[in-house]
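Reading the sequence shown from the start, the letters are residues 63 to 182 in the working numbering. Each residue gets a CB set at the ideal place from its N, CA and C atoms; glycine is no exception.
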Amino acid sequence: MSNKSFTDTYRKDIDGLRALAVVLVILFHAGISQIASGFIGVDIFFAISGFLITGIIIKQREKYSFSLANFFVHRLWRIQPAFITMSMATLIATFYFYLPDDFLAYLHSGKALLNKSDFG
63 MSNKSFTDTY RKDIDGLRAL AVVLVILFHA GISQIASGFI GVDIFFAISG FLITGIIIKQ
123 REKYSFSLAN FFVHRLWRIQ PAFITMSMAT LIATFYFYLP DDFLAYLHSG KALLNKSDFG
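This is the structure:
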């Protein structure tokens, strides 16, 4: 591979851990009794995220370019498209598959989540 920055940051071992975590979570949700502790897959994802984010912070601090505010803004912009997409998909699915009273309860819980439940 000629792209040096890609080869410097890509880690096959982390992909292996991700695959293991995915398998554990899927088997747990499939109800396979031997995988009673499938939640460990979620813990693996959190550990990987912490490891990668710590690496980013250390590299930025070494360059004296770390800003906590910029770090959180970058994380917000990174997660926002997925959050909006899933929120809209869930809203559409609940509209079509929930009973009317349940759908209204869902909308009310969404307003509460956004601290808008007291405003109409």
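Using only the alpha-carbon positions, how far apart do residue i and residue j sit?
i           : j           : result
residue 170 : residue 161 : 14 Å
residue 74  : residue 113 : 14 Å
residue 143 : residue 80  : 22 Å
residue 156 : residue 146 : 15 Å
residue 118 : residue 154 : 37 Å
residue 96  : residue 132 : 44 Å
residue 92  : residue 135 : 36 Å
residue 123 : residue 175 : 35 Å
residue 125 : residue 152 : 42 Å
residue 164 : residue 173 : 14 Å
residue 78  : residue 127 : 31 Å
residue 115 : residue 94  : 33 Å
residue 167 : residue 139 : 29 Å
residue 148 : residue 71  : 29 Å
Please report the residue range of the alpha helix (DSSP H) in which residue i lies.
i           : result
residue 112 : 102-124
residue 78  : 74-91
residue 149 : 130-159
Please say whether residue j and residue i have beta carbons closer to each other than 8 Å?
i           : j           : result
residue 101 : residue 108 : no
residue 82  : residue 106 : yes
residue 104 : residue 84  : no
residue 110 : residue 76  : yes
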